[in-house]
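Q: Heads up, the sequence shown is in numbering that gives the first Met the number 0, so the first residue is 0 and it goes up one at a time.
Glycine residues also receive a C-beta, built at the ideal position from the N, C-alpha and C atoms.
None of these values were measured; they are calculated from a predicted model.
Quick one: the structure is below, questions incoming.
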Amino acid sequence: MAEVNCNEIRNQGIIDKDSDMLRKTQDMQDSIKIRTEGKLFMHLTYMKLRFSFMKGG
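Right under this line is the structure:
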């Protein structure tokens, strides 16, 4: 058990860097499960439009 905890602490630096991205990916996967395809398509279209608008395009 002590070795596992030690490894977890050692890996924490790497995990923290990617945890935000992993959380976003998990949220997206959850949304896909919950949404109907139509709502998902509208949501992705909206996000694409919003993203291009934010980029100034």
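Just the C-alpha distance for Asp26 and Lys38, rounded to the nearest angstrom, thanks.
A: Counting from one through the sequence shown, the residue named residue 26 turns up at place 27. Counting from one through the sequence shown, the residue named residue 38 turns up at place 39. So the two alpha carbons sit approximately 16 Å from each other.
Q: With a CB to CB cut of under 8 Å and the five nearest residues on each side skipped, what residues in its chain are close to Met0?
A: Along the sequence shown, read from residue 1 onward, the residue named residue 0 stands at position 1. Low local confidence applies: a pLDDT of 48 at Met0 is under 50, so the model's placement there is unreliable, and no value is given.
Q: Check Met0 in the structure and name its three-state DSSP category.
A: Within the sequence shown, residue 0 is the residue found at index 1, counting from 1. The pLDDT assigned to Met0 is 48, lower than 50, so where the model puts this residue is not dependable; a value taken from the coordinates is nonetheless given after this. It is coil, neither helix nor strand.
Q: Which residue from Ser51, Phe52, His42, Leu48 puts its Cα closest to that of Ser30?
A: For the purposes of this step, residue 30 is taken as residue 31 along the sequence shown, with counting starting at 1. The shortest Cα separation from Ser30 among Ser51, Phe52, His42, Leu48 belongs to His42.
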